[in-house]
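Chemist: This is the structure, below, for whatever I ask next.
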Amino acid sequence: MVPGLLFIYIAGWIGWVGRGYLQAVSITSNPVEKEIIIDVPLAMKFSLSGFIWPLAALQEFTSGNLLASNDDITVSPR
């Protein structure tokens, strides 16, 4: 059971840090370049703060910032 929980924690940490990094570089002047060539100081800032990701995710979920509204999600016709 412990290896499974450790895997979920590490996978969540990677996802949370990556999400934060992509959100931060999306407002810069050249976001595509920063997705290809990683800004190491910025990435380290997010990776060090990612250890409390379960609490941060719970806080964003309760505040309504974690999920997108239905109007923001496009549905393609088939």
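Per this note's numbering, residue 232 is the first one in the sequence shown, and the count goes up by one each step. Glycine residues also receive a C-beta, built at the ideal position from the N, C-alpha and C atoms. Predicted model only: the values in this text are computed from it and were never measured.
#1: Quick check on residue 240: buried or exposed, where buried means 16 or more other Cβ atoms within 10 Å of its Cβ?
#2: Measuring CB to CB, does residue 295 end up less than 7 Å from residue 247?
#3: Rounding to the nearest angstrom, what Cα-Cα distance links residue 300 and residue 269 in this structure?
#4: Suppose the cutoff is 8 Å on Cβ atoms and the five residues either side in sequence are ignored; what does the same chain contact list for residue 285 look like?
Modeler: The answer reads as follows:
#1: exposed
#2: no
#3: 30 Å
#4: 240 and 243
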